[in-house]
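Per this note's numbering, residue 100 is the first one in the sequence shown, and the count goes up by one each step.
Ideal Cβ positions, reconstructed from N, Cα and C, are used throughout, including at glycine.
Predicted model only: the values in this text are computed from it and were never measured.
As C-alpha cells, the structure follows; a few thoughts come after it.
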Amino acid sequence: MVTTQNPNPNVHDATASAAERERELVAWAAEIGARISRFAADHDRDGTFVTEAYDILRDEGYLALAVPAELGGHGATVRQVSMAQRELARHCSATALASVMHHHVVLFTAWRYRRGMAGAEATLRAIADDGIVVVSTGGADQTRPRGTAVRVDGGYRVSGRKVFASQSPVGAVMATMFPYEDPDEGTVVLNMSIPMADDGVTVLDNWDTLGMRGTGSHDVTLEDVFVPDARVIARRPHATIDPPLQVVLSVAMAPVAAVYLGVARSARDHAVATVAGTDRAADPVVQRQIGLMDTRLRVAGWALDGALATVGDDPAPSMDTVVEVMAAKREIALAGAEVCDLALEVAGGRGFYRSSPIERCVRDIRGAKFHPFTPEQSLVHAGLVALGLPADQA
C-alpha cells in the first residue's frame, strides 16, 4: 500500500502542479520499488520473469500510470512516467525495463486518444479497469517489421517471429506490426493489436541473456493468426520514420533511457555505501572515481531533462525532437556503462560477487545500447538531419 507520507497517487489532484504530481509519483514508485526489490536477485539468477513485481504493479494500479485521469488512470505525462521509472529502476531494473515497454505504448495510445483516433479509448479503459499488460514489438520491428501479412475476408492472416517481446509471460495484447504487399501501393506496414491468447500465438521460453534477465523478453511466434480489420490500428509507409513513428520514438525512448539512468544511479549508490566509513574512503583514487560517477550522472540527467522539455506533454511529430531524445539516450547509455564499471572498481572485490547488486547493474546496463537507435546510429541520424539530407529512411 502507499505510505502515509506519500499523497495517494490514486487520487488525481487537478490543482497540483506538475512538479508536485511528479514528486508524488516518484515517491509512489520508490515505495513500490522497496517492496519488489527483494525478488530481483532470485529472478536475475534464475532468468525468470518478475511475476511478484507485476502482481504488485497490477494491484497498485501502477500499470495505469499514463492512462488519462478521466479514463481511470493517473494521467502521468512523458516526463512523470520517465521520472517514476527511473526511480523504480533503482530497486529492480528488470521490472522497470519490462514495465516501461508497457508504459510507452500507453503514452502513445493516450496521444492517439487526445486526437480521437479509433480504438484508443477502449484500450486505455481496459488498462485502467482490468490491469491488462500490453506487449510491444516495436523496438525490434520499427520500420522493417518481421513476418508477413496476407489479405483475407474481413482482415489479414499474419505469420512471423517477434523478438525482445518484454513481459510476454503476462501480456494480454501485443502491439505489433507486419509488412503487407499491397497490390497498388507496394510494401506497407500494418500496425495492429493481437490478443496474446489468440490461436497461433506462442510465447517461447528462450530469454536467457547477459542482463535484464527478469524482463521475460521471449520470442513470440505467430502462425497464420487472423487479425480482423478492426484491430489494424494504422497503415504506414515501409522503411520510413513517418510522423507517427517520430512521436512513438519521442515518447518511448525518453522513458527507456530514464530506466537505464536509474540502473546507473543504483550502482553508484551501492558503491558509495560499500566504501563509506572504511579505509577506502580516504583513498584519493576512490574519491576521484566517486566524483566522476556523480559528474557523469549529473550530466546524463541534464541531457534527459533537456530531451523531456523538448518532448513536452503532447508532442507534435518532429525529427528534431527524435534527434534530441536519441542524443540523451546515447549519453545515458555511454555514461551509464562508465558509471557501473566505476562502481565495480570502487566497491572492489565485494562488487565482483554475484550476490552484489553492483554486479547485476554492470550486466543490466549493457542493454542500453540495443534499443533503437544505437549510439552509433544516433550520430549518423543526427548528421543527416543537420545536413538537410533525407533522414526518414531506416
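In this structure, how does DSSP classify residue 155 when only helix, strand and coil are distinguished?
helix
To the nearest angstrom, how far is the alpha carbon of residue 103 from that of residue 127?
Residue confidence for residue 103 is low, a pLDDT of 31 falling below 50, so the modelled location carries little weight and cannot support an answer.
State the DSSP-derived secondary structure class of residue 293, mapped to helix, strand or coil.
strand
From residue 192 to residue 251, what distance separates their C-alpha atoms?
42 Å
Within 10 angstroms of its Cβ, does residue 100 collect 16 or more other Cβ (buried), or is it exposed?
In this prediction, residue 100 scores a pLDDT of 31, lower than 50, which makes its location untrustworthy; no coordinate-derived value is stated.
Whole-angstrom C-beta distance between residue 213 and residue 413, which should lie under 8 Å
6 Å
For residue 333, write down the residues that DSSP places opposite it in a beta bridge.
290
Which class does residue 235 belong to by DSSP, given the choice of helix, strand or coil?
strand
Beta-carbon within less than 7 Å of residue 492's beta-carbon, same chain only, minus the 5 sequence neighbours each way: which residues are those?
338 and 339
Between the CA atoms of residue 438 and residue 183 - distance to the nearest angstrom
21 Å
Looking at the secondary structure, which residues open and close the beta strand (DSSP E) in which residue 261 lies?
254-264
From 416, 435, 348 and 446, pick the residue whose C-alpha is nearest to that of residue 376; which is it?
446
Cutoff 6 Å; reference residue 466; Cβ partners in own chain excluding five residues on either side:
310 and 311
Put residue 278 into one of helix, strand or coil per three-state DSSP.
strand
Neighbourhood of residue 246 by C-beta, 8 Å cutoff - its chain only, sequence neighbours within 5 removed:
257, 258, 259, 260, 261, 277, 278 and 321
Mapping DSSP to helix, strand and coil, what is residue 425?
helix
Is the distance from the Cβ of residue 180 to the Cβ of residue 168 below 8 Å?
no
Alpha-carbon spacing of residue 307 relative to residue 273, whole angstroms:
21 Å
Ignoring anything shorter than 3 residues or poking outside the segment 321-393, list the beta strand (DSSP E) runs there in chain order.
331-336
Could you give the distance in angstroms between the alpha-carbon of residue 369 and the alpha-carbon of residue 157?
28 Å
Which residue wins for smallest C-alpha separation from residue 230, given the options 488, 162 and 462?
162
Under the rule that 16 or more other beta-carbon atoms within 10 Å means buried, what is residue 170, buried or exposed?
buried
Run the CB neighbour count on residue 172, radius 10 Å, all protein chains shown included, and call it buried at 16 or more, exposed below.
buried
Report the rounded CA-to-CA distance for residue 442 versus residue 475, giving the unit in angstroms.
25 Å
Identify the continuous beta strand (DSSP E) that holds residue 312 and give its terminal residues.
That residue, residue 312, is in no beta strand (DSSP E); it is neither H nor E in DSSP.
Beta-carbon proximity of residue 138 to residue 350, cut-off 8 Å:
no
Which ranges does the alpha helix (DSSP H) cover as unbroken runs of at least 4 residues, wholly within the segment 148-196, from first to last along the chain?
150-159 and 177-188
Using C-beta distances below 6 Å, list every residue in its chain close to residue 362, excluding the 5 sequence neighbours before and after it, in chain order.
188, 192, 460, 463 and 464
Are the CB atoms of residue 289 and residue 255 within a distance shorter than 8 Å?
yes
Let me confirm a value: residue 394 is counted as buried when at least 16 other C-beta atoms fall within 10 Å, else exposed. Which label applies?
exposed
Check each candidate in 392, 410, 315 and 270 and name the one with the smallest Cα separation from residue 295.
270
With C-beta atoms as the reference, is residue 238 less than 8 Å away from residue 471?
yes
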